[in-house]
């Protein structure tokens with residue numbers, strides 16, 4: 001038994017060293033790892049897989065052991081779906097060539113194991129670190145138990161002490177690789193947040209320099225519109241348009257006045273905001289915009305949906321997202337779907353367009369300052385929107401597919417009326 005341990009420890013190095021080398025010297029954007037099959041991550045996992053299979057820990061002529069389960073688990077849990085399938089197929093091909101008698105048992109075992117991992121992945125990616133450790137521990141415990149049952153079934157119960165030691169070392173290796181990846185991801189996230197803060201600071205400085213210059217003409221225009229609005233000879237229909245213009249100028253003044261809160265958030269007097277009312281006002285406002293584009297708005301808005309926030313900020317968030325939907329379809333046209341509903345404990349607002357969509361590698365960047373999929377965009381509108389929703393205790397999620405459009409989902413904490 002003791003003669004086997006050095007070979008098994010070599011297997012541990014075969015797994016950890018390629019992963020460590022990848023994380024330290026060849027790490028890539030998280031979006032690349034999750035969206036691309038042939039990535040640096042997949043190459044280093046394949047290297048680790050090949051090494052551990054070709055140089056197993058041999059216990060006897062009939063029994064040998066390796067750590068192939070580790071790269072397969074990491075491929076499924078931290079890579080795109082096809083990477084997990086691809087790494088498993090590579091393992092089966094190598095087994096067919098070098099370890100033919102084990103091919104059919106491995107084929108059945110790993111089909112079941114990978115299927116379970118894909119099911120676990122749905123919850124794994126959203127889980128905290130402790131929960132992730134528990135998930136992989138329970139998964140590998142299940143594998144170890146089935147191996148023990150198999151040894152007893154073939155009258156090889158004398159191998160159980162070795163199996164326990166091997167299983168413990170494998171479990172330790174799985175946790176070591178998991179913690180390495182999670183630590184590096186945390187570091188990458190902190191770097192992204194630092195870059196975001198630096199960009200936000202730049203936005204704040206720019207906003208401070210132009211606020212005064214922009215506010216003066218807005219105040220002048222608003223003043224003249226208010227004077228005209230009070231004249232008796234102005235038609236009521238024209239007055240309704242002027243009222244919308246005055247309200248929008250007031251909102252613009254508010255946005256300019258509070259733009260610095262993007263970089264220096266401050267406490268605001270939050271109150272109850274009726275999302276239903278805001279969305280109905282927004283659709284009326286966008287009716288003037290849609291005349292310039294062959295776009296139809298389809299709305300489904302439940303009545304009386306209250307959230308805690310500032311009305312102007314909520315308007316700003318919704319206008320930014322709806323306007324982006326319009327601009328995504330300004331050439332080919334289409335339908336823009338706006339839906340708002342109560343889903344305790346949130347108000348859920350969905351804005352779906354039929355535009356060209358967003359590439360997978362760009363989805364993670366949505367909401368960053370200065371990132372935009374439009375040639376003329378700055379990305380500041382969505383950056384501000386994400387910041388506002390975050391301060392309100394909500395979140396924005398984006399789903400998109402090239403050629404099929406984009407769906408923005410906004411979840412805001414519900415406040416009972």
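In UniProt numbering, the protein residues as written are 1 to 417.
Even glycine gets a Cβ: it sits at the ideal position worked out from N, Cα and C.
None of these values were measured; they are calculated from a predicted model.
Asked                                                                                                               : Found
Proximity of residue 84 and residue 93 at Cβ, strictly below 8 Å                                                    : no
Three CB pairs or more closer than 8 Å across the stretch 163-172 and the stretch 134-154                           : yes
Beta-carbon spacing of residue 342, residue 302 below 8 Å                                                           : yes
Straight-line Cα distance separating residue 224 from residue 128                                                   : 56 Å
Burial state of residue 6 (16 or more Cβ within 10 Å)                                                               : exposed
Of the listed residues 410, 220, 218, nearest to residue 275 (C-alpha basis)                                        : 410
Among 20, 138, 396, nearest to residue 41 - alpha-carbon criterion                                                  : 20
Contact set for residue 124: own chain, Cβ-Cβ below 7 Å, skip 5 residues either direction                           : 77, 132, 135
For residue 322: DSSP bridge partner residues                                                                       : Bridge partners of residue 322: none, in fact.
Residue 400 classed as buried or exposed, judged by whether at least 16 other C-beta atoms fall within 10 angstroms : buried
Three-way DSSP call (helix, strand, coil) for residue 329 in this model                                             : coil
Endpoints, beta strand (DSSP E) assigned at residue 20                                                              : No beta strand (DSSP E) contains residue 20, which is instead part of the alpha helix (DSSP H) from 5-25.
Proximity below 8 Å, CB of residue 355 to CB of residue 325                                                         : yes
Beta-carbon separation (whole angstroms), residue 53 vs residue 18, contact threshold 8 Å                           : Rounded, the Cβ-Cβ distance is 13 Å, inconsistent with contact.
Sequence-distant residues of its chain with Cβ nearer than 6 Å to residue 273 (five each side left out)             : 307, 309, 311, 314
Nearest-angstrom Cα separation, counted from residue 404 out to residue 68                                          : 39 Å
Best match in 317, 373, 43 for proximity to residue 412 [C-alpha to C-alpha]                                        : 317
Distance, residue 416 Cα to residue 177 Cα                                                                          : 46 Å
Assigned exposure category for residue 406 - 16 Cβ within 10 Å defines buried                                       : buried
For residue 240, the residue or residues it bridges with in DSSP                                                    : Bridge partners of residue 240: none, in fact.
Start-end ranges of the alpha helix (DSSP H) lying completely within the stretch 74-140, minimum 4 residues         : 81-98, 103-124
Sequence-distant residues of its chain with Cβ nearer than 7 Å to residue 45 (five each side left out)              : 71, 74, 75, 87
Assigned secondary structure, residue 342 (DSSP; H/G/I helix, E/B strand, else coil)                                : strand
Delimiting residues of the alpha helix (DSSP H) encompassing residue 46                                             : 40-54
Residue 359 beta carbon less than 8 Å from that of residue 402                                                      : yes
Sequence-distant residues of its chain with Cβ nearer than 6 Å to residue 296 (five each side left out)             : 335
Which of helix, strand or coil DSSP assigns to residue 300                                                          : strand
Per DSSP, the bridge partner or partners of residue 143                                                             : Bridge partners of residue 143: none, in fact.
In DSSP terms, what residue 335 is bridged to                                                                       : 296
Through-space distance from residue 330 to residue 337, alpha-carbon basis                                          : 15 Å
Supposed close pair residue 253, residue 218 - CB separation, criterion 8 Å                                         : 6 Å
Alpha-carbon spacing of residue 175 relative to residue 347, whole angstroms                                        : 38 Å
Reference residue 351, options 240, 384, 339, 25, closest by Cα                                                     : 339
Alpha carbon of residue 102 to alpha carbon of residue 24, nearest angstrom                                         : 35 Å
Beta strand (DSSP E) segment containing residue 400, residue limits                                                 : 395-401
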